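Asks: Got a structure here, written out as structure tokens. Questions coming.
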Amino acid sequence: MIARIYKPTKTAMQSGTAKTKRWLLEFEPEKPREVEPLMGWTSSSDMRQQLRLSFDSREEAEAYARRNGIPYRVEQPLAPKRRIISYADNFKFNRVMPWTH
Numbered sequence: 005m006i007a008r009i010y011k012p013t014k015t016a017m018q019s020g021t022a023k024t025k026r027w028l029l030e031f032e033p034e035k036p037r038e039v040e041p042l043m044g045w046t047s048s049s050d051m052r053q054q055l056r057l058s059f060d061s062r063e064e065a066e067a068y069a070r071r072n073g074i075p076y077r078v079e080q081p082l083a084p085k086r087r088i089i090s091y092a093d094n095f096k097f098n099r100v101m102p103w104t105h
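My numbering puts the first residue of the sequence shown at 5, with every later residue one more than the last.
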């Protein structure tokens, strides 16, 4: 079972960078999820799928995986694309669309 080491991205519901500073180690699913016939819920008998470990750095996560003999792959985080604009750009003279209310 291969583990995935990655840095999570921010959710769409937050504007800050909370919960994105730490590195996570998660196991890939070993078996696909099954639909329970009576209620229609999905379930899995794979207990490692529930395990999520967090580390302060990528090196700590890799050292933990090596120490415990866990095969792993590292996913490097992508740099966020920042668009820097100012409030005054809404009122500039050569604006593409005119500013109206």
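Backbone N, C-alpha and C define an ideal beta-carbon position, used for all residues, glycine too.
Since we're looking at a predicted model, the values are computed, not measured.
What is the DSSP secondary structure of arginine 52, counted as helix, strand or coil?
Replies: Of the three classes helix, strand and coil, the one that applies to arginine 52 here is helix, per DSSP.
Asks: Would you identify the three-state DSSP class for alanine 22, choosing helix, strand or coil?
Replies: Three-state result, alanine 22: coil.
Asks: Can you give me the C-alpha to C-alpha distance between glycine 44 and arginine 37, rounded to a whole angstrom?
Replies: 12 Å
Asks: In this structure, what does DSSP give as the bridge partners for tryptophan 27?
Replies: Phe59
Asks: Leaving out five residues on either side along the sequence, give the residues of the same chain with a beta carbon under 7 Å from the beta carbon of arginine 56.
Replies: Leu28, Glu30
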